[in-house]
Structures are given as C-alpha cells and as structure tokens.
Amino acid sequence: MNFPKRQNFQAIEKPLVIVGSKNPIKIACTDTAFSEAFSQGFIVDGINSASQVSEQPIGDEETYLGAKNRVFNSRNAFPEADYWVGIEGGIEEDAHGMYAFAWIYIENKFGLSGKSKTGTFYLPDAIKKLIHSGMELGAADDQLFAQENSKQQGGSVGILTHGAVSRQNYYNQAIILALIPFLNKELY
Numbered sequence: 443m444n445f446p447k448r449q450n451f452q453a454i455e456k457p458l459v460i461v462g463s464k465n466p467i468k469i470a471c472t473d474t475a476f477s478e479a480f481s482q483g484f485i486v487d488g489i490n491s492a493s494q495v496s497e498q499p500i501g502d503e504e505t506y507l508g509a510k511n512r513v514f515n516s517r518n519a520f521p522e523a524d525y526w527v528g529i530e531g532g533i534e535e536d537a538h539g540m541y542a543f544a545w546i547y548i549e550n551k552f553g554l555s556g557k558s559k560t561g562t563f564y565l566p567d568a569i570k571k572l573i574h575s576g577m578e579l580g581a582a583d584d585q586l587f588a589q590e591n592s593k594q595q596g597g598s599v600g601i602l603t604h605g606a607v608s609r610q611n612y613y614n615q616a617i618i619l620a621l622i623p624f625l626n627k628e629l630y
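Residue numbers (the working numbering): 443 to 630.
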C-alpha cells in the first residue's frame, strides 16, 4: 500500500491571552469573548495580578485603574503573551442608590489597548449597608444570600437575576466591546 508522502506541517500556535485574575469566571468569559470576536481559538489562562486599588473599588476612576493595573502587572509577570486582560468590578452611588459595574481593559503585545464598561445594576439596601460597614461586594453577597465564594460563581448579577444573567455573560459582552480597537486596527 502506498501512503502519501508526509508533508511538513508547521504547528500553528494559538495566541496566548493572560487574564489578571485566577477567577475561573473571568478566565472563561475572556476565552468565550475572544473566540467569538475573532472567530478563532486562543489559549487563555489567568494569573494572580494585583489591582493596586481598594479591595472594593469605588467609582469609575478607581475601578478603571484596577483593571489597567491588572494588565500592567500581568504584562510584567508574563511578557511573552499576546494579550493581557484586566477585569475589575466596582460600585458607585448616585441619587438612586448603590450600583455595581465592571471595567475591562485589554492590551496586546504591540501596545494597542481597548477598554469597555459593563452595564450597571442597582444593589439592594441590605447589600449597601454591608458594604458601608466595610465589606466587599462578594463577601456581602455571601453573607446576605448564604453563599460561599459567590464571586467565583454567579456573582451579584447572577444572584439578583436568579441566573437569567450569569456573571460570565455579563462580562462577555463588555470584553467584546473592549476588543473593538483590535478588530478595527486601521481606525485606532
């Protein structure tokens, strides 16, 4: 039997994306968002990367800085990656109450960056009181809803929507929006 000659195939490596967190939800949503945005596969992994902001960031500026710092610190720790992703959740208050959101910040190995913010949702007064007492949102959720480590599962958004919006889905869209400059390099 004659077999065709074996061709030399060059291994095609998938681009490496490093998330500045070991949180499995943040890693999974980054993987999904990158695959959806670019219609290709990626190797996505997380590392513990310091946000260098408060445990519970308050306001846009501190939360955005936390996401950006996670990218900066991830890049320093793992410079051989193709992309670095920072996801930082924060809270803010206005005349209507306390609300939650997250900032996404992404850089690639060429220095191009993208950013986006999730939608916001208002928190119950009981959570607001716990946060005012010094708790971080995830700990407040765990206490109020008798959960354990909820921020590595459905998070506030999953708990409060009864699973209709998972934390992964919540972040997924914002990550894709932060990828707009990478999808349109000629414009950025």
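Ideal Cβ placement from N, Cα and C applies to all residues, glycine included.
Residues that DSSP places opposite residue i in a beta bridge
| i | result |
| --- | --- |
| M540 | E535 |
| V486 | V459 |
| G528 | Y547 |
| F563 | A542 |
| S436 | Outside the shown range of the chain (443 to 630) lies residue 436, about which nothing can therefore be said. |
| I500 | I533 |
Residue i and residue j closer than 7 Å at C-beta
| i | j | result |
| --- | --- | --- |
| V527 | I500 | no |
| G556 | A470 | no |
| A492 | N515 | yes |
| L554 | P623 | yes |
| A458 | A523 | Residue identity differs from the one stated: residue 458 is Leu in this sequence, not Ala. Against a cut-off of 7 Å, the Cβ pair of A523 and L458 comes out as a contact. |
| A542 | I533 | yes |
| T440 | W545 | Examination of residue 440 is not possible in this model, given that the chain is present from 443 through 630 alone. |
| A582 | I569 | yes |
Candidates the options: closest to residue i by CA position
| i | options | result |
| --- | --- | --- |
| H574 | M540, A519, Y564 | M540 |
| K627 | N550, R517, N511 | N550 |
| S496 | N511, G483, F484 | N511 |
| V486 | K559, Q589, E578, S463 | S463 |
| E455 | F484, V461, A479, H538 | F484 |
| E502 | S481, Y630, K559, Y525 | Sequence check: residue 502 is Asp here, not Glu. It is K559 whose Cα lies nearest to the Cα of D502. |
| I460 | P521, F480, E535 | P521 |
| S477 | I618, M577, E590 | I618 |
C-beta neighbour in chain B for residue i, strict 7 Å
| i | result |
| --- | --- |
| E549 | No chain B is present in this structure, which holds just one protein chain. |
Nearest-angstrom Cβ-Cβ length linking residue i and residue j, presumed shorter than 8 Å
| i | j | result |
| --- | --- | --- |
| Q594 | I489 | Q594 to I489, Cβ: 16 Å. No contact. |
| L579 | G531 | 7 Å |
Proximity test, residue i beta-carbon vs the ligand NAP heavy atom, cut-off 6 Å
| i | result |
| --- | --- |
| F587 | Ligands are entirely absent from the displayed structure, and the ligand NAP is therefore not among its contents. |
Answer yes if the stretch 595 to 602 comes into contact with the stretch 563 to 582, meaning at least three C-beta pairs across the two stretches below 8 Å, and no otherwise.
Under the 8 Å Cβ criterion, the stretch 563 to 582 counts as touching the stretch 595 to 602, having at least three qualifying pairs.
Does the stretch 601 to 620 come close enough to the stretch 468 to 487 that 3 or more CB-CB pairs lie under 8 Å?
Yes, the stretch 468 to 487 touches the stretch 601 to 620.
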